[in-house]
Amino acid sequence: MPRPVTLQLSPLTGQPQEDLAVVAELVRDTGAEMPEVEAVVTFAAEGVPAEVLSRLPNVKMISVFGVGTDKLDLEECRRRGIIVATTRGTLNDDVADCALMLTIALHRELLPQDRFARDGGWAREGKAWLTHTMAGKKLGIFGMGDIGVEIARRAEAFRMEVGYHNRSRRDAPQRYFDTLAGLADWCDTLVLAAPGTAETFHVVDAAMLDRIGPQGFLVNIARGQLVDEAALVAALDAGRIAGAGLDVFEDEPRPHPGLIASPRTVLTPHAASATVETRTRMAGKVVSNLRDYIEGRAMDARIV
């Protein structure tokens, strides 16, 4: 079976890269029209820029490393009949773990406690301050997809009460809220796990932060664009929200300076899925998606 000419915009590593070279004839972007290209391999963070896609008149399939599609014009892919497959299903556990890690760090004030133990505060003052328990608290999930379900499972293991808001109610035991505002009013911690779209842009603004309230926490493991970071910094500085745990940011890799300076934040560098095990699975899924396309098999992670 002939290997499809595949434009590789983002490199894989190790064995998956070797496997990709066996499955496909790999080429780099020439900057000119590339009618020979049948498939594209790219990272979700890079996507396929419109200018590049316009130079690929015969592309039939895009295999994405990651689950985000905000850097892909899915409507254009549908119009042209281009198959798009992600690595959905490979990173749910790690991203959910990260959401709970940030939630725990906020409730127990992990970073201030760490600094207190290291800088001599404990020795000087004799004891630390009291923090907050998670058991019995209410955790709200915006976006009850595969990752949201795993977040709920973990939160319930901590004996938290879980509610969610989705575009539609799921067949799930957790409490459903038909508006995000209602969920924010109810919960103690709001976790964002929804995709970055035009509809979710700055969905967490000053008014939504006030609904979370001065005892509440915000956790974002979704996309930075869901949060108005200037409004979040203002709310943190004024004590209108207790804290924020963020793995994603509006302008990556440059978090808002106010978020960096705030003692109320826990920040990670868009690393929720960044484990050896998960990144290896993701790279393997990129290759298997392309192999399924070549062999005409159904793809369980196909989104277009």
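Take the sequence shown: its letter number 233 is residue 310 in this note's numbering, and every next letter is one higher.
Positions of the beta carbon are idealized from the N, C-alpha and C atoms, including for glycine.
Note that the structure is predicted; figures quoted are calculated from it, not measured.
Boundaries of the alpha helix (DSSP H) harbouring Phe193: Leu187 to Arg195, taken from the DSSP string. Residue range Val353 to Glu372 is occupied by the alpha helix (DSSP H) that includes Ala360, with no beta strand (DSSP E) assigned at that position.
Beta-bridge partners assigned by DSSP to Glu327: none are found. Counting of Cβ neighbours within 10 angstroms places Val296 among the buried residues, the total reaching 16 or more. Nearest to Val82 by C-alpha distance, out of Ala98, Gly124 and Gly361, is Ala98.
Around the beta carbon of Lys362, a 10 Å sphere encloses 16 or more other beta carbons of the protein chains shown; the residue is thus reported as buried. Closest in alpha carbon position to Gln85, among Asp262, Leu103 and Gly108, is Leu103. In the three-state reduction of the DSSP assignment, Gln85 falls in the strand class. The C-alpha of Gly322 lies about 10 Å from the C-alpha of Thr266.
In the structure shown, the three-state DSSP call for Leu168 is coil. In the same chain as Phe278, and ignoring 5 residues on each side of it, the C-beta atoms closer than 6 Å to its own belong to Gln302, in chain order. A distance below 6 Å between beta-carbons, with the five flanking residues on each side excluded, links Glu306 to the following residues of its chain, in chain order: Glu327 and His333.
When the beta-carbon positions are compared, His242 and Phe219 come within less than 8 Å of each other.
Comparing C-alpha distances from Gly143 to each of Glu153, Thr119, Ile181 and Ala375 shows the shortest one belongs to Thr119. Per the coordinates, the alpha-carbon of Thr345 lies some 30 Å from the alpha-carbon of Glu95. Under the 10 Å beta carbon count, Arg155 is surrounded by fewer than 16 other beta carbons and is classified as exposed. Taken through DSSP and simplified to helix, strand or coil, Thr266 comes out as strand.
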